[in-house]
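J.: Below: one structure in structure tokens.
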Amino acid sequence: MTASASPASPDSLASRASAALWRSPRLLLLLLLTPPLLWLGVVYVGSLAALLAQSFFSFDDFTAQVTYELTLSTYAELLSPANFDIIVRTVTMAALVTIASAILAFPIAYYAARYAKGRWKAFFYLGVMLPLWSSYLVKIYAWKMILSKEGIISWAADKLHLGWLLDAWLSLPVVGGNSLSVSATGTFLVFLYIWLPYMILPIQAALERVPSNLIEASYDLGGGPGKTFRHVLLPLAMPGVAAGSIFTFSLTLGDYIIPGIIGTSRLFIGQAVYTQQGTAGNIPLAAAFSVVPVVIMAFYLWGAKKQGAFDAL
Amino acid sequence: MRSDKHNRAPFPLTLAATGGLLFLHLPLLLIFAYAFTTEDKSFQWPPPGFTTRWLAVTWARPDVWQALTLSLQVAAIATAFALVLGTLCAAALSRARFFGQEAITLLVILPIALPGIVTGIALRSAFGMMGIPFSFWTIVLGHATFCIVVVYNNAVARFRRMSPSLVEASYDLGANGFQTFRHVILPNIGTALLAGGMLAFALSFDEVIVTTFTAGQQQTLPIWMLEELIRPHERPVTNVVAMAVVLVTLIPILGAYYLTRDGAETAGSGK
Numbered sequence: 001m002t003a004s005a006s007p008a009s010p011d012s013l014a015s016r017a018s019a020a021l022w023r024s025p026r027l028l029l030l031l032l033l034t035p036p037l038l039w040l041g042v043v044y045v046g047s048l049a050a051l052l053a054q055s056f057f058s059f060d061d062f063t064a065q066v067t068y069e070l071t072l073s074t075y076a077e078l079l080s081p082a083n084f085d086i087i088v089r090t091v092t093m094a095a096l097v098t099i100a101s102a103i104l105a106f107p108i109a110y111y112a113a114r115y116a117k118g119r120w121k122a123f124f125y126l127g128v129m130l131p132l133w134s135s136y137l138v139k140i141y142a143w144k145m146i147l148s149k150e151g152i153i154s155w156a157a158d159k160l161h162l163g164w165l166l167d168a169w170l171s172l173p174v175v176g177g178n179s180l181s182v183s184a185t186g187t188f189l190v191f192l193y194i195w196l197p198y199m200i201l202p203i204q205a206a207l208e209r210v211p212s213n214l215i216e217a218s219y220d221l222g223g224g225p226g227k228t229f230r231h232v233l234l235p236l237a238m239p240g241v242a243a244g245s246i247f248t249f250s251l252t253l254g255d256y257i258i259p260g261i262i263g264t265s266r267l268f269i270g271q272a273v274y275t276q277q278g279t280a281g282n283i284p285l286a287a288a289f290s291v292v293p294v295v296i297m298a299f300y301l302w303g304a305k306k307q308g309a310f311d312a313l
Numbered sequence: 314m315r316s317d318k319h320n321r322a323p324f325p326l327t328l329a330a331t332g333g334l335l336f337l338h339l340p341l342l343l344i345f346a347y348a349f350t351t352e353d354k355s356f357q358w359p360p361p362g363f364t365t366r367w368l369a370v371t372w373a374r375p376d377v378w379q380a381l382t383l384s385l386q387v388a389a390i391a392t393a394f395a396l397v398l399g400t401l402c403a404a405a406l407s408r409a410r411f412f413g414q415e416a417i418t419l420l421v422i423l424p425i426a427l428p429g430i431v432t433g434i435a436l437r438s439a440f441g442m443m444g445i446p447f448s449f450w451t452i453v454l455g456h457a458t459f460c461i462v463v464v465y466n467n468a469v470a471r472f473r474r475m476s477p478s479l480v481e482a483s484y485d486l487g488a489n490g491f492q493t494f495r496h497v498i499l500p501n502i503g504t505a506l507l508a509g510g511m512l513a514f515a516l517s518f519d520e521v522i523v524t525t526f527t528a529g530q531q532q533t534l535p536i537w538m539l540e541e542l543i544r545p546h547e548r549p550v551t552n553v554v555a556m557a558v559v560l561v562t563l564i565p566i567l568g569a570y571y572l573t574r575d576g577a578e579t580a581g582s583g584k
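Taken in sequence, the protein lines are chains A and B.
Per the working numbering, residue 1 is the first one in the first sequence, and the count goes up by one each step.
Per the working numbering, residue 314 is the first one in the second sequence, and the count goes up by one each step.
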């Protein structure tokens with residue numbers, strides 16, 4: 001026992017203060033919440049509100065000045081063909097990445113949830129956590145190495161005498177390019193790689209809650225592996241898939257670094273925000289652009305909530 | 314056992330799961346191979362030869378050390394802020410039920426739920442409007458904002474597992490609030506805070522999107538890396554730095570895992 005652990009004299013200031021707090025939990029709550037709320041509620045939400053406000057101003061292309069009059073013209077600009085293209089391209093990419101990651105994630109999550117025991121369970125857990133937490137830029141850098149013309153994929157394709165297949169794929173419009181590292185296929189692969197762990201963890205969490213006797217019951221009632229998957233596992237895993245898709249979808253929508261380093265010169269929403277606020281100095285358009293993923297995600301979350309995604313988080 | 318054969322994973326599932334894990338790990342292993350390649354102009358595979366020369370070259374680079382030092386300082390201070398604010402939030406929200414509670418929970422999660430670019434540009438324009446020059450502290454402010462949620466997640470899970478009668482017993486035995494915090498609450502939530510702090514540190518150390526908006530001339534290590542990715546100066550040095558970063562981030566992740574593995578909470582799920 002240290003001296004400070006001895007009962008405090010009831011008259012000391014500290015004791016009287018803590019007694020007052022014990023008697024009025026509301027006051028304690030207020031004291032606890034004031035510092036974080038000052039930070040998050042005032043500084044952070046204030047910044048977000050200021051950003052939102054900016055999107056209702058307009059930008060004069062001739063004077064390169066922001067006109068401080070309320071208008072919806074900046075939002076109208078989003079619908080111009082060039083800008084709308086950017087939005088469609090980003091949403092399509094986010095949807096494809098989400099679907100592909102759900103397909104890739106399912107077997108890993110299912111194996112880890114149902115078959116991995118003890119030591120293997122930890123192995124699977126760390127096997128997902130380590131790539132998840134490894135440096136984002138290092139992962140992109142690794143893919144720049146992999147996808148480059150002289151990199152490991154071209155090498156492997158040559159060794160397997162499949163070089164023609166790679167070339168044929170790269171000569172396709174939209175998905176192709178000079179090499180994988182400057183093609184939309186490359187962008188897709190990197191997005192898929194980087195966000196995949198965010199899909200695995202919630203699916204695994206959802207599958208952990210499926211009692212194994214449900215699966216046995218399905219087999220006993222004559223459902224084969226296909227039917228069991230279709231009618232038992234998949235419906236029960238859906239909240240997990242929905243929760244994971246929140247991450248994969250939202251992260252792809254807002255990313256501007258991956259398509260800038262690996263991909264074509266066609267812009268994504270994040271890159272549009274970045275160039276508008278940086279070199280162009282058009283803060284209103286940048287702000288309006290950044291509202292797009294927020295609005296899409298708000299609808300997405302609303303839909304995901306109906307799917308029960310928040311219980312699987 | 315009638316369903317014995319269903320307790321073994323079917324071969325296609327094993328294959329798919331193994332393939333998925335390989336897909337997640339091979340790119341990281343490649344980083345290690347490239348750190349020792351003799352080729353310095355391209356990403357040629359297989360490497361024509363291996364050398365340890367670039368380790369020494371990178372070691373002697375002052376810009377790498379400066380970026381690393383800045384990143385460590387920012388991460389340490391941002392983590393300290395996040396620990397205080399995240400623990401306060403967790404203490405307040407773990408048991409009490411009050412009006413607006415869900416709104417506050419949402420507020421804590423918001424910086425990580427919104428795309429980083431939105432947080433970044435919002436903070437940047439707010440700093441601009443208030444006339445705050447970009448500095449070390451604006452980077453810290455940005456990082457702490459999204460680190461709070463990691464600490465909060467770990468702390469709130471531990472607070473909920475802790476029996477409230479422990480605190481009541483401490484009061485009954487005559488301890489005041491501060492003694493109770495120091496001798497009863499802190500030892501109980503200590504490892505959760507350590508785990509949350511480690512993850513917050515790793516998150517801040519790696520952050521690049523918000524940092525590009527809230528940094529002035531300062532170069533954190535991710536910003537240095539980003540510069541090299543966009544305009545490569547010396548590829549072998551970048552290769553070595555990439556390997557070092559992978560090795561360094563292993564430590565907090567493994568640490569946080571060992572600290573929280575006994576509990577029901579999962580330290581880093583949902584970065």
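Cβ coordinates follow ideal geometry from the N, Cα and C atoms, glycine included.
Being a predicted model, the structure only gives us computed values, none of them experimental.
(1) Here's a check: name, in chain order, each residue in its chain whose Cβ is nearer than 6 Å to the Cβ of F462 of chain B, leaving out the five neighbours to either side.
(2) How would you write the range of the beta strand (DSSP E) that F59 of chain A sits in, first residue to last?
(3) Give a yes or no on contact between the segment 92-110 of chain A and the segment 181-199 of chain A, applying the rule of three or more CB pairs nearer than 8 Å.
(4) Can you name, in chain order, every residue of its own chain whose Cβ lies under 6 Å from the Cβ of L78 of chain A, other than the five neighbours on each side?
(5) Just to make sure I have the definition right: I need the residues of chain B whose C-beta is within less than 7 Å of the C-beta of L32 of chain A. Which are they?
(6) Once you ignore the five residues that flank S407 of chain B on each side, which residues in its own chain have a CB closer than 6 Å to its CB?
(7) For P141 of chain A and L542 of chain B, what's the separation of their Cα atoms in angstroms?
(8) Assuming T418 of chain B contacts T527 of chain B under a Cβ cut-off of 8 Å, what Cβ separation, rounded to an integer in Å, is found between them?
(9) Confirm, please, whether the CB-CB distance from G177 of chain A to L170 of chain A is below 8 Å.
(10) Might you give, ordered along the chain, the residues of its own chain that have their beta carbon closer than 8 Å to the beta carbon of L27 of chain A, omitting 5 neighbours on each side?
(11) Thinking C-beta only, is V453 of chain B closer than 8 Å to V387 of chain B?
(12) What is the DSSP secondary structure of F518 of chain B, reduced to helix, strand or coil?
(13) Where does P545 of chain B land, buried or exposed, given buried means 16+ other C-beta within 10 angstroms?
(14) Taking just the CA atoms, how far does P239 of chain A sit from I262 of chain A?
(15) I want to see whether chain B comes within less than 8 Å of Y110 of chain A, judged by CB atoms only; does it?
(16) Taking Cβ positions, are I203 of chain A and A109 of chain A nearer each other than 8 Å?
(17) Taking C-beta pairs closer than 7 Å, name the residues in chain B that G151 of chain A reaches, listed in chain order.
(18) Ends of the alpha helix (DSSP H) at V295 of chain A?
(19) How about A348 of chain B and W537 of chain B: do their beta carbons lie closer than 8 Å?
(20) If you compare alpha carbons, which of B:G510, B:A393 and B:F514 is closest to T573 of chain B?
(21) Any beta carbon from chain A within less than 8 Å of G333 of chain B's own beta carbon?
(22) I'd like to know whether the C-beta of A330 of chain B is nearer than 8 Å to at least one C-beta of chain A.
(23) At which residue ranges does the segment 440-479 of chain B contain complete beta strand (DSSP E) runs of 3 or more residues, listed in the order of the chain?
(24) With a cut-off of 8 Å, does the C-beta of Y300 of chain A fall near any C-beta of chain B?
(25) What are the residues that DSSP puts in a beta bridge with T67 of chain A?
(26) How about D519 of chain B: is its C-beta nearer than 8 Å to some C-beta of chain A?
(27) Mind listing the chain B neighbours of Q307 of chain A? Cutoff is C-beta to C-beta under 9 Å, in chain order.
(28) Between which two residues does the alpha helix (DSSP H) holding I498 of chain B run?
(29) Between the segment 45-56 of chain A and the segment 274-290 of chain A, are three or more C-beta pairs nearer than 8 Å?
(30) Just the C-alpha distance for R321 of chain B and E520 of chain B, rounded to the nearest angstrom, thanks.
(31) What does a CB cutoff of less than 6 Å around Y274 of chain A pick up in its chain, not counting 5 residues either side in sequence?
(32) Ends of the alpha helix (DSSP H) at Q277 of chain A?
(33) Is the closest heavy atom of the ligand GTP to the C-beta of V232 of chain A under 7 Å?
(34) Select from the segment 51-63 of chain A all residues with a C-beta closer than 7 Å to any C-beta belonging to chain B, and list them in chain order.
(35) Going by the beta-carbon positions, is the gap between I434 of chain B and Q277 of chain A smaller than 8 Å?
(36) Counting only C-beta atoms, is T364 of chain B closer than 8 Å to chain A at any point?
T.: On the basis of the supplied data:
(1) Within the second sequence, numbered from 1, the residue matching residue 462 of chain B stands at position 149. Per the sequence shown, residue 462 of chain B should be read as Val rather than Phe. Closer than 6 Å at the Cβ level, and outside the excluded window around V462 of chain B, lie V421, I422 and I425.
(2) Sequence index remark: in the first sequence, residue 59 of chain A carries index 59 (1-based). Per DSSP, F59 of chain A belongs to the beta strand (DSSP E) from S58 to D60.
(3) yes
(4) The residue given as residue 78 of chain A occupies position 78 in the first sequence. Around L78 of chain A: A288.
(5) Counting from 1 along the first sequence, the entry for residue 32 of chain A is found at position 32. Neighbours of L32 of chain A on chain B, chain order: L401, A404 and A405.
(6) Position 94 of the second sequence, counted from the first residue, corresponds to residue 407 of chain B. Closer than 6 Å at the Cβ level, and outside the excluded window around S407 of chain B, lie V469, F472 and R473.
(7) Sequence index remark: in the first sequence, residue 141 of chain A carries index 141 (1-based). Sequence index remark: in the second sequence, residue 542 of chain B carries index 229 (1-based). Just to set this straight, residue 141 of chain A is Tyr in the shown sequence, not Pro. Roughly 7 Å separates the two Cα atoms.
(8) Numbered from 1 along the second sequence, position 105 holds the residue referred to as residue 418 of chain B. Numbered from 1 along the second sequence, position 214 holds the residue referred to as residue 527 of chain B. Going by Cβ atoms, the distance from T418 of chain B to T527 of chain B rounds to 25 Å, so no, they are not a contact pair.
(9) Here residue 170 of chain A refers to the residue found at position 170 of the first sequence. Here residue 177 of chain A refers to the residue found at position 177 of the first sequence. Contact: yes.
(10) The residue you call residue 27 of chain A lines up with position 27 of the first sequence. Excluding residues within five positions, the ones whose Cβ falls inside 8 Å are A20 and L21.
(11) Position 74 of the second sequence, counted from the start, is the residue given in the question as residue 387 of chain B. Position 140 of the second sequence, counted from the start, is the residue given in the question as residue 453 of chain B. The answer is yes: Cβ separation under 8 Å.
(12) Taking the second sequence and counting its residues from 1, the one referred to as residue 518 of chain B is at position 205. DSSP places F518 of chain B in helix when its eight states are reduced to three.
(13) Translated into the one-based positions of the second sequence, residue 545 of chain B becomes position 232. So P545 of chain B ends up on the exposed side.
(14) By 1-based counting over the first sequence, the position of residue 262 of chain A is 262. By 1-based counting over the first sequence, the position of residue 239 of chain A is 239. Looking at the two C-alpha atoms, the distance is approximately 32 Å.
(15) On the first sequence, residue 110 of chain A is found 110 positions in, with the first residue counted as 1. Cβ-Cβ to chain B under 8 Å: yes for Y110 of chain A.
(16) The count along the first sequence starts at 1 and reaches residue 203 of chain A at position 203. The count along the first sequence starts at 1 and reaches residue 109 of chain A at position 109. For I203 of chain A and A109 of chain A, yes; Cβs fall inside 8 Å.
(17) Counted from its first residue, the first sequence places residue 151 of chain A at position 151. By Cβ distance, chain B contributes F356 and W358.
(18) Position 295 of the first sequence, counted from the first residue, corresponds to residue 295 of chain A. Element bounds for V295 of chain A: I283 to K306.
(19) Translated into the one-based positions of the second sequence, residue 348 of chain B becomes position 35. Translated into the one-based positions of the second sequence, residue 537 of chain B becomes position 224. No. Outside cutoff.
(20) For the purposes of this step, residue 573 of chain B is taken as residue 260 along the second sequence, with counting starting at 1. Among B:G510, B:A393 and B:F514, the Cα nearest to that of T573 of chain B belongs to B:G510.
(21) Within the second sequence, residue 333 of chain B is the residue found at index 20, counting from 1. Answer yes: the Cβ-Cβ gap between G333 of chain B and chain A drops below 8 Å somewhere.
(22) The residue labelled residue 330 of chain B in the question sits at position 17 within the second sequence. A330 of chain B counts as touching chain A.
(23) none
(24) Stepping through the first sequence from its first residue, residue 300 of chain A is reached at position 300. Cβ-Cβ to chain B under 8 Å: no for Y300 of chain A.
(25) As a working mapping, residue 67 of chain A is identified with position 67 in the first sequence. Answer by DSSP bridge pairing, in chain order: A:S58.
(26) Start at 1 with the first residue of the second sequence, and residue 519 of chain B comes out as number 206. Taking Cβ atoms only, chain A reaches closer than 8 Å to D519 of chain B, which makes this a yes.
(27) Numbered from its first residue, the first sequence carries residue 307 of chain A at position 307. Here the premise fails: no neighbours, minimum Cβ distance about 17 Å.
(28) Your numbering for residue 498 of chain B matches position 185 in the second sequence. Run containing I498 of chain B: none; DSSP gives neither H nor E here.
(29) yes
(30) Numbered from its first residue, the second sequence carries residue 321 of chain B at position 8. Numbered from its first residue, the second sequence carries residue 520 of chain B at position 207. Between R321 of chain B and E520 of chain B, the C-alpha separation is close to 41 Å.
(31) As a first step, residue 274 of chain A is located in the first sequence; it is residue number 274 there, counting from the start. Answer for Y274 of chain A: Y256, listed in chain order.
(32) As a first step, residue 277 of chain A is located in the first sequence; it is residue number 277 there, counting from the start. Counting along the chain, the alpha helix (DSSP H) containing Q277 of chain A begins and ends at I269 to Q277.
(33) You won't find the ligand GTP in this model; it holds no ligand whatsoever.
(34) L51 and Q54
(35) For the purposes of this step, residue 434 of chain B is taken as residue 121 along the second sequence, with counting starting at 1. For the purposes of this step, residue 277 of chain A is taken as residue 277 along the first sequence, with counting starting at 1. Cβ distance < 8 Å, so I434 of chain B and Q277 of chain A count as in contact.
(36) As a first step, residue 364 of chain B must be located in the second sequence, where it is residue number 51. So no, T364 of chain B is outside the interface.
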